[in-house]
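**Q** This is the structure I want to talk about, given as structure tokens.
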Amino acid sequence: MTTWDSGAYDRDFAFVAAYGAELLDWLVPQPGETILDLGCGTGDLTARIIESGATAIGMDADADMIEAARARLGDDVELRVADAHDFSVDRPVDGVVSNAALHWMPAQVEVLGCVSDALRVDGRFVAEMGATGNVAAITAAVDEACLEAGRPRPAWPWFFSSPAQYAAMLEDAGLEIRQLDFYDRPTQLAGPDGLLKWLSMFAADVVAALPADVLRRAEEIARPQLWHDDAWWADYRRLRFRAVKLG
Numbered sequence: 001m002t003t004w005d006s007g008a009y010d011r012d013f014a015f016v017a018a019y020g021a022e023l024l025d026w027l028v029p030q031p032g033e034t035i036l037d038l039g040c041g042t043g044d045l046t047a048r049i050i051e052s053g054a055t056a057i058g059m060d061a062d063a064d065m066i067e068a069a070r071a072r073l074g075d076d077v078e079l080r081v082a083d084a085h086d087f088s089v090d091r092p093v094d095g096v097v098s099n100a101a102l103h104w105m106p107a108q109v110e111v112l113g114c115v116s117d118a119l120r121v122d123g124r125f126v127a128e129m130g131a132t133g134n135v136a137a138i139t140a141a142v143d144e145a146c147l148e149a150g151r152p153r154p155a156w157p158w159f160f161s162s163p164a165q166y167a168a169m170l171e172d173a174g175l176e177i178r179q180l181d182f183y184d185r186p187t188q189l190a191g192p193d194g195l196l197k198w199l200s201m202f203a204a205d206v207v208a209a210l211p212a213d214v215l216r217r218a219e220e221i222a223r224p225q226l227w228h229d230d231a232w233w234a235d236y237r238r239l240r241f242r243a244v245k246l247g
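Note that UniProt numbering has the sequence shown beginning at 1, numbered continuously upward.
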């Protein structure tokens, strides 16, 4: 299972939480509702849910992330270390929101089944995740550097779905799509070492297995496509959707 450095996550990749705030415009949490933040990380989106007047439940598989969320939100907020593939709630919730987390979960059928079971009828599920082609230039550069060095291509840890594929999985789980966007979102990375920092955070197992010269070569390969305006840019492609649970 992927483990996280919560301090570096908030410091170097604050854009994750910043973009995630837009999901609440799709969810529209109401005072008195209960909203589950699935893959809540350090609790930024959870805090925004609370500010709306709704009750929030934060859930993440990483204990360090939950500890950071607890330091931010206090002990009065329900925060759980739990696996999204196998979770339940005490009573049905009004909404589930998930930002930049679903693509880390390999068994999507199990995840979506748990989400559907957690929602009340007509409850909303709003999420954003990496889509088909997400960070393709980054992974291609590392793949090429590995092949040049006589090494196998890395096993990348993510699941990136097409819109049609994911819509079908949602429907199979009893969740009807009401809105879906599929779009490119080039994202600036901080500093001249931004690409390597990104890889170290989001592909830590891959980076740990590669020597420094292969990583430097990957930077060289990626630079013509991903370095411009004096910065590294990750070639993000995103899938954002709003679905409701059918009765």
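Every residue gets a Cβ at the ideal spot worked out from N, C-alpha and C, and that includes glycine.
Note down, one range per segment and in chain order, each beta strand (DSSP E) of at least 3 residues found wholly within the UniProt domain "Methyltransferase" (31 to 131).
**A** 34 to 38, 55 to 60, 78 to 81, 93 to 99, 119 to 130, all fully within the UniProt domain "Methyltransferase" (31 to 131).
**Q** Compute the minimum distance between the beta carbon of D213 and the heavy atoms of the ligand HEM, and state whether it is under 7 Å.
**A** This structure lacks the ligand HEM; in fact it carries no ligand of any kind.
**Q** Taking just the CA atoms, how far does D205 sit from L147?
**A** Position 147 of the sequence shown holds residue 147. Position 205 of the sequence shown holds residue 205. If you take the alpha carbons of L147 and D205, they lie about 18 Å apart.
**Q** Looking only at its chain, what residues have a beta carbon closer than 6 Å to the beta carbon of E110, apart from the 5 residues adjacent to it on each side?
**A** Against the sequence shown, residue 110 aligns to sequence position 110. The answer, listed in chain order, is H85.
**Q** Once you ignore the five residues that flank residue 273 on each side, which residues in its own chain have a CB closer than 7 Å to its CB?
**A** Any answer about residue 273 is impossible in this case: the structure gives the chain only from 1 up to 247.
**Q** Throw me the rounded Cβ distance for the P29 and I49 pair, which I believe falls under 8 Å.
**A** To locate residue 29, count along the sequence shown from 1; it is residue 29. To locate residue 49, count along the sequence shown from 1; it is residue 49. Yes, they are in contact, since the Cβ atoms of P29 and I49 sit about 5 Å apart, within 8 Å.
**Q** How about D37 and A56: do their beta carbons lie closer than 8 Å?
**A** In the sequence shown, counting from the first residue as 1, residue 37 sits at position 37. In the sequence shown, counting from the first residue as 1, residue 56 sits at position 56. Yes, these two residues count as a Cβ contact at 8 Å.
**Q** Alpha carbon to alpha carbon, how far is W26 from T34? Give it in angstroms, no decimals.
**A** Here the question's residue 34 lines up with position 34 in the sequence shown. Here the question's residue 26 lines up with position 26 in the sequence shown. In a straight line, the C-alpha of T34 is about 16 Å away from that of W26.
**Q** With a threshold of 16 other CB atoms inside 10 Å of the CB of A145, please say whether the residue is buried or exposed.
**A** As a first step, residue 145 is located in the sequence shown; it is residue number 145 there, counting from the start. So A145 counts as buried.
**Q** Leaving out five residues before and five after V16 in sequence, what residues of the same chain have Cβ atoms less than 8 Å from its Cβ?
**A** For the purposes of this step, residue 16 is taken as residue 16 along the sequence shown, with counting starting at 1. Cβ neighbours of V16 beyond the five flanking positions: Y9, G41, N99, A100.
**Q** Considering R223, what are the terminal residues of the alpha helix (DSSP H) in which it resides?
**A** If you number the sequence shown from 1, residue 223 lands on position 223. Start and end: 212 to 226.
**Q** What are the boundary residues of the beta strand (DSSP E) that includes V207?
**A** Translated into positions along the sequence shown, residue 207 becomes position 207. Counting along the chain, V207 falls outside any beta strand (DSSP E), though it belongs to the alpha helix (DSSP H) covering 204 to 208.
**Q** At which residues does the beta strand (DSSP E) containing residue 329 begin and terminate?
**A** Outside the displayed span of the chain (1 to 247) sits residue 329, for which this structure offers no information.
**Q** Quick one: using the 10 Å Cβ neighbour count with 16 as the cut-off for buried, is R238 buried or exposed?
**A** Working through the sequence shown from its first residue, we reach residue 238 at position 238. With 16 or more other Cβ atoms within 10 Å, it is buried.
**Q** Going straight from the alpha carbon of A71 to that of M201, what length do you get?
**A** Taking the first residue of the sequence shown as position 1, residue 71 is located at position 71. Taking the first residue of the sequence shown as position 1, residue 201 is located at position 201. Approximately 21 Å, taken between the alpha carbons.
**Q** Just verifying my parser: in three-state terms, what is the DSSP assignment at L189?
**A** Position 189 of the sequence shown, counting from 1, holds the residue named residue 189. In this structure, L189 counts as strand in the three-state DSSP scheme.
**Q** Check F241 in the structure and name its three-state DSSP category.
**A** Position 241 of the sequence shown holds residue 241. Correct three-state label for F241: strand.
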